[in-house]
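Just so you know, the sequence shown maps onto residues -19 to -1, 1 to 219 in mature numbering (1 follows the signal peptide of the UniProt record, and there is no 0).
See below for the structure under consideration.
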Amino acid sequence: MKPILLFVLSVFTTLTTVAQDPALFDTTWYIHKITVDNVETFPPNSSEPIPFDETKFFMNPNTMGTGYCSNYGAEVIYHPVDDTFELQSVVELKGTCNEQANLDFTTLLAYFITVDFEPFGEIIEYEVTTSGGSKSLLLTNSLGDSVLYGNEMLGVADNEQVNVHVYPNPTADVLYIEVGQQEVTDLTIYNLSGSQERSISEVKGNNSIDVQSLKAGVYFIKITNDTGMQLFNKFVKQ
């Protein structure tokens, strides 16, 4: 009976992954609105860079990353029968915001994903809708609070950004990082638990990092240029 049990578990795991809406994983999501206690809050008009303005979902391993001034990475257990997922092991990676409105907006997001975390994890209901070329993702927690995402940003602030190209993503052996002509003073790779895995100083031009020894999973990259501006990115190690 043991081989049959293993086969059933394998089929169940495969069906659990496949049953998710592909748009959930194929889309980069941006926060449009947070609703807590029936009060709607929109992203502030910011004069500073927002380091974590993208939300992405990943498979194998099942993880997600969302954030605003801070990034929140979490392991995800999907329940395709009722279009919900469970967040587990949420880890915060702090960014560099200084404006109070941005910090307050980040606090609302943190409250949403952790308010009912104990004892088993935060249960989130999700709904993906498509209208023309626009997509929206509505996440609702067990208290009825929600976060509305879209596949387009509400607006682009006139901010200086660190211009970096990271590829391929996902990767199994080598990660290439192009920083162009700018001076990058520090590049650090963190795992999903927030522990530092790699650190490189004085990065210039085109670079390659051997990541073969990293375990499979999602990793965060923090890149700092000579003006102190920071960029946070993610990549998947296969």
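Glycine included, each C-beta is placed from N, C-alpha and C at the ideal position.
It should be emphasised that the depicted structure is a prediction, and the values quoted were computed from it without experimental measurement.
Between the beta-carbon of I158 and the beta-carbon of N206, is there less than 7 Å?
As a first step, residue 158 is located in the sequence shown; it is residue number 177 there, counting from the start. As a first step, residue 206 is located in the sequence shown; it is residue number 225 there, counting from the start. Against a cut-off of 7 Å, the Cβ pair of N206 and I158 comes out as no contact.
Taking the CB atoms as reference points, tell me whether I204 and L195 lie closer together than 7 Å.
As a first step, residue 204 is located in the sequence shown; it is residue number 223 there, counting from the start. As a first step, residue 195 is located in the sequence shown; it is residue number 214 there, counting from the start. Against a cut-off of 7 Å, the Cβ pair of L195 and I204 comes out as no contact.
So which of N172, I181, K185 has the shortest CA-CA distance to G54?
The residue labelled residue 54 in the question sits at position 73 within the sequence shown. Nearest C-alpha to G54: N172.
Quick check on DSSP: helix, strand or coil for L173?
Working through the sequence shown from its first residue, we reach residue 173 at position 192. Here L173 sits in coil by DSSP.
With three or more C-beta pairs closer than 8 Å as the rule, is the stretch 167 to 184 touching the stretch 120 to 138?
no
Here's the rule: buried if 16 or more other CB atoms are within 10 angstroms of the residue's CB, otherwise exposed. What is E103?
Your numbering for residue 103 matches position 122 in the sequence shown. Flag for E103 reads buried.
Contact criterion: CB-CB distance below 7 Å. Does L90 meet it with respect to chain C?
Absence of chain C from the displayed structure is noted, only one protein chain being present.
Distance, Cα to Cα, T152 vs E183?
As a working note, residue 152 is residue 171 in the sequence shown. As a working note, residue 183 is residue 202 in the sequence shown. Rounded to the nearest angstrom, the two C-alpha atoms are 23 Å apart.
Is the beta carbon of V147 less than 7 Å from the beta carbon of V160?
Translated into positions along the sequence shown, residue 147 becomes position 166. Translated into positions along the sequence shown, residue 160 becomes position 179. Cβ atoms of V147 and V160: not closer than 7 Å.
Using the Cα positions of L119 and N79, report the straight-line distance between them to the nearest angstrom.
For the purposes of this step, residue 119 is taken as residue 138 along the sequence shown, with counting starting at 1. For the purposes of this step, residue 79 is taken as residue 98 along the sequence shown, with counting starting at 1. In a straight line, the C-alpha of L119 is about 28 Å away from that of N79.
N- and C-terminal bounds of the alpha helix (DSSP H) containing I94:
By one-based count along the sequence shown, residue 94 stands at place 113. Taken as a continuous stretch (DSSP letters only), the alpha helix (DSSP H) holding I94 covers 81 to 95.
Could you tell me whether the stretch 30 to 38 touches the stretch 5 to 20, where touching means 3 or more Cβ pairs closer than 8 Å?
yes
Sequence-distant residues of its chain with Cβ nearer than 8 Å to I105 (five each side left out):
To locate residue 105, count along the sequence shown from 1; it is residue 124. Only T65, F66, E67, L68, I94, L120, T121, N122 meet the Cβ criterion.
Run through DSSP, which three-state label would D18 get?
Numbered from its first residue, the sequence shown carries residue 18 at position 37. In the displayed model, D18 falls within coil according to three-state DSSP, outside both helix and strand.
For L90, count the other beta carbons within 10 Å of its own beta carbon; 16 or more makes it buried, fewer makes it exposed. Which is it?
The sequence position of residue 90 within the sequence shown is 109, counting from 1. Buried: at least 16 other Cβ atoms inside 10 Å.
How is the alpha helix (DSSP H) around F23 delimited, first residue to last?
As a first step, residue 23 is located in the sequence shown; it is residue number 42 there, counting from the start. From DSSP, F23 is part of no alpha helix (DSSP H); its letter is neither H nor E.
Please state the DSSP three-state secondary structure of L68.
Here the question's residue 68 lines up with position 87 in the sequence shown. Correct three-state label for L68: strand.
Taking the alpha helix (DSSP H) that F6 falls in, what are its first and last residues?
Taking the sequence shown and counting its residues from 1, one reaches residue 6 at position 25. From DSSP, the alpha helix (DSSP H) with F6 extends over 3 to 7.
Would you mind sorting E141 into buried or exposed? The rule is 16 or more other CB atoms within 10 Å of its CB.
The residue labelled residue 141 in the question sits at position 160 within the sequence shown. Reliability fails at E141, whose pLDDT of 46 lies under 50, so the model's placement of it is uncertain and no value is given.
Do you know how far the Cα of S28 is from the Cα of Q81?
As a working note, residue 81 is residue 100 in the sequence shown. As a working note, residue 28 is residue 47 in the sequence shown. C-alpha separation (whole angstroms): 12 Å.
Starting from E164, trace the beta strand (DSSP E) in both directions and tell me its first and last residue.
Taking the first residue of the sequence shown as position 1, residue 164 is located at position 183. Looking at the DSSP string, E164 is not in any beta strand (DSSP E), and its letter there is neither H nor E.
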